[in-house]
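For reference, the structure is listed below as structure tokens.
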Amino acid sequence: EPLGHVDINLVDVVNNGRINEKYHLINSKNGVIHIEMRWKVI
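As structure tokens, then:
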């Protein structure tokens, strides 16, 4: 059962090297997700 979704701008992740944010889920009344994402160039 889907709870909602988020849109994350990957340009921000690439430029900053990481994000560590809480996002409110789209199409959800109370849904929140905490995401930490890192970008590494290999």
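In full-length UniProt numbering, the protein residues as written are 1 to 42. Glycine included, each C-beta is placed from N, C-alpha and C at the ideal position. Note that the coordinates shown come from a computational prediction; the quantities given were computed from them, not determined experimentally.
Check	Outcome
Run through the DSSP bridge pairs and tell me what Lys22 is partnered with.	His34
Going by CA-CA distance only, name the one from Glu1, Ile26, Gly31 and Ile8 that's closest to Met37.	Ile8
Can you give the beta carbon distance from Asn30 to His5, rounded, assuming they're within the 8 Å contact cut?	Not really, about 15 Å apart at Cβ, beyond 8 Å.
Nearest-angstrom Cα distance between Val14 and Glu1?	31 Å
The alpha helix (DSSP H) with Leu10 in it runs from where to where?	Leu10 to Asn16
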